[in-house]
Structure formats: structure tokens, C-alpha cells
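Residue numbers (numbering that gives the first Met the number 0), protein chains in the order written: chain A, 0 to 341; chain B, 0 to 341. Even glycine gets a Cβ: it sits at the ideal position worked out from N, Cα and C. The next block holds one structure in the form of C-alpha cells; read it before the comments.
There are 2 protein chains.
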Amino acid sequence: MSSEVTLKEIAEALGVSAMTVSRALNNRDNVDENTRKKVVSKAEEMGYTPNYVAKSLVSNKTFTIGVVLPEITHAFFPEVVRGIEEVTNKSNYQLLLTNANEQFIREKKAVNALRSQRVDGLLISTSIAIDDFSFYKQIIKSGTSVVFFDRCIEGLGASCVSVNDRTSSYQITEHLITEHGYTKIAHLSGPSNVTIGKERMKGYMEALEKYELPMNDQWIIEGGFQEDKGYKSMKKLLELSEEEYPEAVVVVNDPAAFGAIKALKDEGLSVPDDMAVVGFTDDIRAPLLHPPLTTVHQPAYNVGQKAAKKLIATIENKDEPAENIEVLTTLKIRASCGCGNF
Amino acid sequence: MSSEVTLKEIAEALGVSAMTVSRALNNRDNVDENTRKKVVSKAEEMGYTPNYVAKSLVSNKTFTIGVVLPEITHAFFPEVVRGIEEVTNKSNYQLLLTNANEQFIREKKAVNALRSQRVDGLLISTSIAIDDFSFYKQIIKSGTSVVFFDRCIEGLGASCVSVNDRTSSYQITEHLITEHGYTKIAHLSGPSNVTIGKERMKGYMEALEKYELPMNDQWIIEGGFQEDKGYKSMKKLLELSEEEYPEAVVVVNDPAAFGAIKALKDEGLSVPDDMAVVGFTDDIRAPLLHPPLTTVHQPAYNVGQKAAKKLIATIENKDEPAENIEVLTTLKIRASCGCGNF
DNA sequence: CATTGATTTGATAACGATAAAATATTAAAA
DNA sequence: TTTTAATATTTTATCGTTATCAAATCAATG
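Dropping the structure here:
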């Protein structure tokens, strides 16, 4: 960052001690009003910017929060980041943003880097494929402030902000059953080792159980969160004979639902007449689809705000109790489920 | 961040000096292989994470890059960030992300904060409404590495990665003229004090001049980059009498075009039959619109990559010459311009 | 066995800021 | 004017790491 002006240089220029300059610039008491004015104007004149690196070394505080995302696409996470941003900005924390790209190795690397940067706390949405929690267990035990969001790891004593995945998934499945009378309902799931994947699957199954509908292993296809994964899963589902086709499909999220719908269209099938499709996320593109996608609206911005607030509270008060915060979703009924008039 | 293990503590535990531990962990020569092994395993055992804050204080290097965005919506910038991210990740730099929310005061605050954090360099896309460049002039003169992207400030000696806004705007306007024979073409512009706003306006005007079409002040409406701004601008355009309506409208970017189309629909007008509309950005939603939006595809990811690469080169070699890099766009011809078959 | 040279380790200072303790200065009270 | 109290300033040490130079250890050579 080039050679910057230091306190000492200002001090020398004025013939006072560095300490006095420090005091003056930080508005502490015990500084003569004249001295303060002289110092402030000199600092301005010399283009002084305080060195937070040095400050942090003394105070053991960086006013920096590390954010670990599993992906940065157009959909959910940028919106969460906006929510985080709004809160941290008000409290003068800076965001160190990292993207693990759905790989736990990169996630680990990112977390370690952030810890080395001595961030004051971590906001983490964990990548898929974690089976070993010892990494986070140790970090949390070491006293690091952590708040998980969306993709949480439970049982580690850290707070968690998520969406009521299970009940939302239940509700949208229920909608297909009670409003449309579908009895053959499939599920294109996410990876089973990610909480949200598991939870959404559970909600789907609970709804089927409740209404005593047939559960068919061939109708449950494990895939992923991306469009191409949804496409593949649907292709696989369509390998069944036509008589075995379900009437409706609950897809784990919107991007995957986009892929699934594309697969249906590629096969010459129509949505929702041949097969109804519902998603989860309320991606910005969902209302623009043909037909507009029925989905679960996730208040991403709100998730970000809540997580950031909780983390800052935890940072600034070590006795802040951990809690699981569930942000509530709303159903967005559009046309892809078979509802008309859209 | 809680109490962390230090070099000294490891040193004491092993009965050696801190210096030896430092050397061992940083793979310097002049360390006995046995000592190194002992140190490394002890560090592992004690859960040591190097304190980059202290390291930075000595080395005057933070391996951190500050990014200043004018907004974080779903469209262009998250994609740019992904591109930046890809490059910085490979070079082990961390990203400090800030959002100025289109306000220069916040932008200034963000830049100062980042400078205080002693970032190694800055990637800046400047907010609208800057009339005074002295702020950046001083920063660049102080030796700070800066690369502007998308919304550049020229003439300050800093590199800049942008899109060929003027010629792209020219081309899409030309398309309206030569392919569709429109002679009455309006422009909903961005704020005139932002480079990209100015450039796109210029391209539009050059096309009109080239083809000797009438230029009408009532057809040039200054607005902004957001959907609501586009909506308002179009409403204003529609205050003209119907005979004065243009046949086509070039909108400064896609979100504003979405707003403009909404305004047209609200007035009962159809796109493109009553009025053709084209945008700029190739927002993820553009192909999903009714009708799909003809627009200019901006390689956002590529802009991010190029900007990050240039910045890192500048950081690591102070003699790296400044340059203006123009990333080329492509026309995305869809249906909103009047082209059929979509 | 002393000498040389290489290798390995240690002590000290420094990076830029601040906390805490020690002085110095000024103002108020006796 | 002296004493005391209040205010203002300086000095020293410290945060965790590394650069630099000094010291110690070791191996090889004559």
C-alpha cells in the first residue's frame, strides 16, 4: 500500500510525542484543545490514514467479519450478502468474503485464512459433503464467534439462522395434494448430506405420509442444487415408463427446477399439464418462467440481516446465548403447479 | 477472536527461541530438519494459526484486496465479483467487499476504511454523482494500487477494465435502424455524470447521425440504472402525444428496460409492435421476459477476471504500466426489438 | 587438536499503534 | 506565594511477527 504517514511523523512535524497525536486523533480526554486542533489539521494536511493493522495488533480486534459461502450465483446468496452488508455497515464492520465453491477443502482453507486474518467473527453457510464436524468443533471451542446460516451445522453450540425448510417443503407438497388432488408425487432432492437437502426431503415425505399417499423409491432422485443437476435428475425420472410417471414433482430448489422443466420440455412434455413442478427459493427468475414457477419464497435478505445481527451481538457480548433462529417462508403460488390465471 | 496460540508459546513449550519457530513454520533454510519437525508438530498440536495482523505489520502487506461496488443486486456486479474471486483465490488474496449504494459519500467512507485496513490494492467501480476527482487523484498519487472497472474514472493514471460501451450502444441502435427500418428512436439514458451513461448515450447518437435520423430532445430522457428509474423515464416519454411517440427505445441497461416495458404494458401498449425496446447488460432475466429482451451481452465474469489480474500485476510489480482494457460485448438479438421467431 | 567454514540458533530491534505509569505544566485554593 | 489539585504530555512497554546481526554448535580439514 505504499509508504503511509504514521503517527510518529505527525508527532515529529509538530514537536510533540506520538502519544499526544494518538490521543488527539481519537478524541480522548486530557488533550488541550489547541493541541488537538493543531494535530487534526496537520494529520489532514499530511493525508494520514490510521493503520488498522497496528491498531488491531494492540486491541486484538479487527472490525472485520469473515463470510463463507458455498457458492455465489445469481440466486440466494448474493441477496443474503446484501442483508449481511446492511447490518455490518451500520456497525462499521468490514466483510471478508470467501466462496468455497461447494468444496469442503476450500471451505476449510477459507476459514483458516479468515482466522489468520483475525476476523472478529465468522458467518458460515457450509458446503456439501461434510461428514467430519471436528474442524468446526475445535474452532468454536477455541472461542471464535461463529454464526451459521442457511446451511447449518447443529449441535456445536453455535447460533444458526435458517429457514423452516421442513415445514415449507411439507406445505408446498400439501398444496399439490389438497388443491390439485395429485396422488403421485416425486421429489428431486438435494445431496442428502446437506441439512437443507435432508430437511426438504423430510417435509415432502411427511406430507405424503399424512395424506397416505404411495411413496415410491423410483420417484425420489438424489441430485444437487444447480440447474444441470435438476436437468439430469428429471432425465433420470423420465426413464421410467410413462405409466409410472408421477403427476407432480417437488424439486429441492428453483435452479434445479429450471433444469427439470427444461428436461420436460426437451421431451415434449408440458408443465403443468403433463407434469406439475414446484421449486424452492423464489429465485428472481421464477415469476418469469413459462409457466411461472410455484415455489417457496425464502426471505434471503432477512436471513442475512438476522445472521449478521446475531454474530455482532455474539462478538460484542461473549455471554450472548446461542440460538437457532428460523425465518419463515411464504408459499408463492404461481402456475407451474397447475393453478390457473397467471 | 479469543486468545490464540502465539509463536512464543510454542517456543517456550519446546525450549527454543521464537525466531526458530518462525523460521521452521515458514520453511526457511537454516533450520535443522529435526527442529523443524518438532516445531511443526507442536504447532499443529497446539492449534496454531499465524497472526496475519502481526505479519502484515512487519511486511507491510496484507494479501487483501478491497472491492468497492456501487450496488449489489442480482445483475451485473455479483457476476463480476465471481470473476474477481476466481483470480484472487488462486493468488491467495482475500476480498474485502464494500457496497457504496450509489452514494459517493459512502464510497469515500468505504475507500478510506479499506485504506486503513491497509489493503494491498483497490478494485473500484465508482458510484454516480462524482464531480470531484481530487479524492482519487490523491489516493493514486500516494502510490496505492488501483484498478477501476466498468464505471471508470479516466485521466488519473490508473488502469481501467471496461466494456466497449459506446460502440456496443452504436451497434444495437444500428440494428434497430438497418434491420427494422425504425427512424424514430428514443433513448432512456443513465445519469450523465457516470461514464457508462455518457458512453452509451454517445453510441446512440452516433448511430442516429450516421444514418441521418432526426434527433429529438424529447426523446432523450435522463434517468438511472434501476427498474423504477426506467419505469419513470418511460412514463415521462409517454406524456408526449401519440403522434410524437418513437417507434423504438434504446434503454441504458436491462433493469431500466424491464421498468420501461412494464410502463408500456401498464399503458396498454405492446412490445415490440407499438414500441420496440432494447437494453444493455444481458441480465439473467432478459431471455425470460415477454417478449425476450434484445440486449447487449456484457461479459461480466471476464471483466472481473481481467480487473483482478491487472490489479495483482500492479501490486506485485510497481512498474506495471497502466492500461485501459476493453472487453468486447456481443449483441443478443431476441424478440423485443421486433425480430421474430422467439 | 586447533582452525576454518558452514550450519543452526538466539538476542535485539522494529513495524505502528496504544495502555499504563511517570512527569510536567497549569490553574485554583490556602 | 506556596501548596494542592487538575490537566496535559511524555516515557516505557507491549501486541505477534520477522530482519538483522551476533553467537553458538558442528563437521571437516590440515
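Whole-number beta carbon distance between residue j and residue i, since they are thought to touch under 8 Å
i                : j                : result
Gly303 (chain B) : Gly154 (chain B) : Actually they do not touch by this definition, with Cβ atoms about 23 Å apart.
Val326 (chain B) : Val162 (chain B) : 5 Å
Val277 (chain B) : Ser335 (chain B) : 6 Å
Gln93 (chain A)  : Ala112 (chain B) : 6 Å
Ala306 (chain B) : Leu122 (chain B) : 6 Å
Ala321 (chain B) : Gly156 (chain B) : 6 Å
Glu246 (chain A) : Lys308 (chain A) : The Cβ separation is near 43 Å, so there is no contact.
Ile9 (chain B)   : Tyr47 (chain B)  : 6 Å
Contact list for residue i against chain B, beta-carbon separation under 8 Å
i                : result
Val353 (chain A) : A question about residue 353 (chain A) goes unanswered here, because the residues of chain A that appear run from 0 up to 341.
Gln137 (chain A) : Gly46
Glu246 (chain A) : The premise fails here: Glu246 (chain A) is roughly 26 Å from chain B at the closest Cβ pair, so nothing lies under 8 Å.
Glu106 (chain A) : In chain order: nothing, as chain B lies at least about 12 Å away.
Continuous alpha helix (DSSP H) stretch holding residue i: start and end
i                : result
Phe76 (chain A)  : 75-89
His174 (chain B) : 164-177
Ser21 (chain B)  : 17-24
Ser107 (chain B) : Strictly speaking, residue 107 (chain B) in this sequence is Lys, with Ser absent from that position. Lys107 (chain B) -> alpha helix (DSSP H) spans 103-115.
Ser144 (chain B) : Element bounds for Ser144 (chain B): not the alpha helix (DSSP H) but the beta strand (DSSP E), 144-148.
Val52 (chain A)  : 51-58
Ile9 (chain A)   : 6-13
Chain B residues whose Cβ lies nearer than 9 Å to that of residue i
i               : result
Gln93 (chain A) : Gly65, Leu95, Leu96, Thr97, Ala109, Ala112, Leu113, Gln116
Span of the beta strand (DSSP E) around residue i
i                : result
Thr194 (chain B) : From DSSP, Thr194 (chain B) is part of no beta strand (DSSP E) but of the alpha helix (DSSP H) over 194-209.
Asn323 (chain A) : 323-326
Asn98 (chain A)  : 93-98
Lys317 (chain A) : Run containing Lys317 (chain A): none; DSSP gives neither H nor E here.
Ile139 (chain B) : Per DSSP, Ile139 (chain B) belongs to no beta strand (DSSP E); it is in the alpha helix (DSSP H), 133-140.
Thr34 (chain A)  : Here Thr34 (chain A) belongs to no beta strand (DSSP E); instead the alpha helix (DSSP H) covers 32-45.
Lys228 (chain A) : Counting along the chain, Lys228 (chain A) falls outside any beta strand (DSSP E), though it belongs to the alpha helix (DSSP H) covering 226-236.
Glu221 (chain A) : 219-221
Lys331 (chain A) : 329-331
Ala275 (chain B) : 275-277
Ile260 (chain B) : Segment 253-265 is the alpha helix (DSSP H) holding Ile260 (chain B); no beta strand (DSSP E) there.
Ala285 (chain A) : Looking at the DSSP string, Ala285 (chain A) is not in any beta strand (DSSP E), and its letter there is neither H nor E.
Val66 (chain B)  : 63-68
Ser126 (chain B) : Here Ser126 (chain B) belongs to no beta strand (DSSP E), and DSSP marks it neither H nor E.
Thr293 (chain B) : That residue, Thr293 (chain B), is in no beta strand (DSSP E); it is neither H nor E in DSSP.
Ala185 (chain B) : 184-188
Ala247 (chain B) : 247-250
Residue i and residue j closer than 8 Å at C-beta
i                : j                : result
Glu221 (chain A) : Pro190 (chain A) : yes
Asn50 (chain B)  : Arg22 (chain A)  : no
Lys108 (chain B) : Phe134 (chain B) : no
Val249 (chain B) : Ala259 (chain B) : no
Leu310 (chain B) : Val57 (chain B)  : no
Thr234 (chain A) : Ala255 (chain A) : Correcting the residue type first, residue 234 (chain A) is Lys in the shown sequence and not Thr. No. Outside cutoff.
Glu198 (chain A) : Ser158 (chain A) : no
Ala262 (chain B) : Leu237 (chain B) : yes
Glu101 (chain B) : Pro69 (chain B)  : yes
Lys201 (chain B) : Arg150 (chain B) : no
Gly337 (chain B) : His186 (chain B) : no
Thr34 (chain B)  : Thr19 (chain B)  : yes
Ile283 (chain A) : Val160 (chain A) : no
Phe279 (chain A) : Asp253 (chain A) : yes
Ala299 (chain A) : Val79 (chain A)  : yes
Chain A contact residues for residue i, given Cβ-Cβ distances below 9 Å
i                : result
Glu238 (chain B) : Per Cβ cutoff of 9 Å: no residues; Glu238 (chain B) is ~28 Å from chain A at best.
Chain B contact residues for residue i, given Cβ-Cβ distances below 7 Å
i                : result
Glu319 (chain A) : Going along chain B, no residue has its Cβ under 7 Å from Glu319 (chain A), so there is no contact; the nearest lies around 14 Å.
Contacts that residue i makes with chain A (C-beta to C-beta distance below 7 Å)
i                : result
Glu101 (chain B) : Ordered by position in chain A, no residue passes the 7 Å Cβ test against Glu101 (chain B), which lies about 14 Å from the chain.
Glu315 (chain B) : In chain order: nothing, as chain A lies at least about 13 Å away.
Glu325 (chain B) : Going along chain A, no residue has its Cβ under 7 Å from Glu325 (chain B), so there is no contact; the nearest lies around 25 Å.
Select from the stretch 5-28 of chain B all residues with a C-beta closer than 7 Å to any C-beta belonging to chain A, and list them in chain order.
-> For the stretch 5-28 of chain B, the beta-carbon criterion of a distance under 7 Å to any beta-carbon of chain A is satisfied by none of its residues.
Check each residue of the stretch 272-289 of chain A: if its Cβ is closer than 7 Å to any Cβ of chain B, include it; give the result in chain order.
-> For the stretch 272-289 of chain A, the set of residues with a beta-carbon nearer than 7 Å to any beta-carbon of chain B comprises Ile283, Arg284, Leu287, Leu288, in chain order.
Would you list, in chain order, the members of the stretch 40-64 of chain A that have their beta-carbon closer than 9 Å to a beta-carbon of chain B?
-> Contacts with chain B (Cβ-Cβ distance below 9 Å) from the stretch 40-64 of chain A involve Gly46, Thr48, Pro49, Asn50, Tyr51, Val52, Ala53, Lys54, Ser55, Leu56, Asn59, Lys60, Thr61, Phe62, Thr63, listed in chain order.
Residues of the stretch 218-229 of chain B with Cβ closer than 9 Å to any Cβ of chain A, in chain order = Residues passing the 9 Å Cβ filter: none.
Below 8 Å between beta carbons is the criterion; list the residues of the stretch 186-200 of chain B that meet it against any residue of chain A, in chain order.
-> Within the stretch 186-200 of chain B, contact with chain A at the beta-carbon level (separation under 8 Å) is assigned to no residue.
Going along the stretch 162-180 of chain B in order, which residues come within less than 9 Å of chain A, judged by CB to CB distance?
-> Within the stretch 162-180 of chain B, no residue has a Cβ that lies closer than 9 Å to any Cβ of chain A.
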